[in-house]
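Residue numbers (our numbering): 68 to 414. Read the structure below first, then the notes.
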Ligand code: KG4
Ligand code: ZN
């Protein structure tokens, strides 16, 4: 079964053709990162306009790279939620129009589900069930329990900021480019992770996360280090820090963030000793320090990480998620009434 998939939930316009949920025939991603690097973050209106420009050529390229025509396509899948409304609209309207025009069944896929299914793509082994998935992206931080395909239970979630958002905000304080995660990951290699001790915020549910306090703790520690009051604007701190201090803050923050993620994951494992594998998913799962620390500290279970090129937003993962929905018996969405809000909930 070949699925044409489309992803446009944030600042990547992407289309892919995936066979049987595992084999990538094409995977085209046009990123708007260069546009938003200048602003230090995504501007939703600009993102939507950029998707509109890119979406048709991206889909055309997905067909030509895969050497496929419409006759080869069995279904269309599209990210329907969550994401930026204007961005989602471009992808979903394109997908529903193509589904009507070419008479193909349409599947509306939850973005986080897709991130989890990136672990099935181009991999020699598939994760076994039941599994735990740590979904760590720019907008989400969750631990999900999956007893079987297309069955999800959220057992831990963030009470405030997402981990990726926290990487991006700390990077901004340190004067690093957007997106902050890769920049912190790189700079942290030059710093001392023990230099600035940072707190592990407490949560009522021990499997939940809270990252807004960590971000503020970095801000306060930087202000203290450079000797300015807490009223000093965060946008100016980068000018007062030395390069070594920036590297030490990047390393200390990254270490703390990873320790928190792994602490919660281990607590979840403790509660679910029956799990047979662990899947990391989402943009932050590209983090090299997280990958090596996780492998060092969890020995008794196979760990799955998406290949780095599939950890960020892409459409191949949407095609994988849709395939496993289809084989689990999910029915297609009516293209005439596809409703991207309210959200299609994972629960
Ligand atoms: O999954 P994703 O591409 O988009 C969302 O669905 O949100 O995740 C983007 C997030 C950004 O916050 C980015 O800074 C972070 O993933 N990220 C990283 C790394 N690469 C991307 N965070 C830490 N280390 C990385 N290597
Ligand atoms: Zn994502």
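Here a beta-carbon is modelled for each residue, glycine too, at the ideal position from N, C-alpha and C.
Task: Close beta carbons around residue 87, own chain, < 7 angstroms, minus the five adjacent residues each side - done: Excluding residues within five positions, the ones whose Cβ falls inside 7 angstroms are 68 and 390.
Task: N- and C-terminal bounds of the beta strand (DSSP E) containing residue 94 - done: Residues 90–98.
Task: Helix, strand or coil at residue 122 according to DSSP, with G and I counted as helix - done: It is helical.
- [ ] Please confirm whether any heavy atom of the ligand ZN lies closer than 7 angstroms to the CB of residue 93.
- [x] Taking non-hydrogen atoms of the ligand ZN into account, the C-beta of residue 93 is found less than 7 angstroms away from none of them.
TODO: Spell out a yes or no on whether the segment 236–247 and the segment 298–309 are touching, meaning 3 or more CB-CB pairs, one atom from each, closer than 8 angstroms.
DONE: A contact exists between the segment 236–247 and the segment 298–309.
Open item on the list: Does the distance between the C-beta of residue 380 and the nearest non-hydrogen atom of the ligand ZN fall short of 7 angstroms?
Closed with: Residue 380: yes, Cβ under 7 angstroms from the ligand ZN.
TODO: Kindly examine the ligand KG4 and report whether one of its heavy atoms sits closer than 7 angstroms to the Cβ of residue 232.
DONE: Yes - the ligand KG4 has a heavy atom lying nearer than 7 angstroms to the Cβ of residue 232.
- [ ] Compare the Cα-Cα distances from residue 213 to each of 363, 336 and 82 and report the closest residue.
- [x] Proximity to residue 213 across 363, 336 and 82 peaks at 336, based on C-alpha coordinates.
Open item on the list: Threshold first: 4 residues or longer. Then list the alpha helix (DSSP H) segments lying entirely within the segment 208–255, N to C.
Closed with: Annotation: the segment 208–255 contains the following complete segments of the alpha helix (DSSP H) (minimum length 4 residues), in chain order: 230–240 and 247–255.
TODO: Name, in chain order, the residues that DSSP records as bridge partners for residue 167.
DONE: None, per the DSSP bridge assignment.
Task: Three CB pairs or more closer than 8 angstroms across the segment 134–143 and the segment 353–369 - done: Too few Cβ pairs lie closer than 8 angstroms, so no.
- [ ] Pull up the distance between the alpha-carbon of residue 85 and that of residue 289, whole angstroms please.
- [x] In a straight line, the C-alpha of residue 85 is about 46 angstroms away from that of residue 289.
Task: Range of the contiguous alpha helix (DSSP H) that encloses residue 328 - done: Where residue 328 is concerned, the enclosing alpha helix (DSSP H) stretches over 310–338.
Open item on the list: Let me make sure I understand the geometry here. Which of 250, 370, 403 and 396 has the alpha-carbon closest to that of residue 186?
Closed with: Nearest option by C-alpha distance: 370.
Open item on the list: Here's a check: name, in chain order, each residue in its chain whose Cβ is nearer than 7 angstroms to the Cβ of residue 352, leaving out the five neighbours to either side.
Closed with: Correct list, in chain order: 203, 372, 373 and 378.
Task: Straight-line gap, residue 296 to residue 110 (C-alpha atoms, nearest Å) - done: Between residue 296 and residue 110, the C-alpha separation is close to 31 angstroms.
- [ ] Evaluate residue 294 with the Cβ neighbour count: other Cβ atoms within 10 Å of its Cβ, from every protein chain shown; 16 or more gives buried, anything less gives exposed.
- [x] Exposed.
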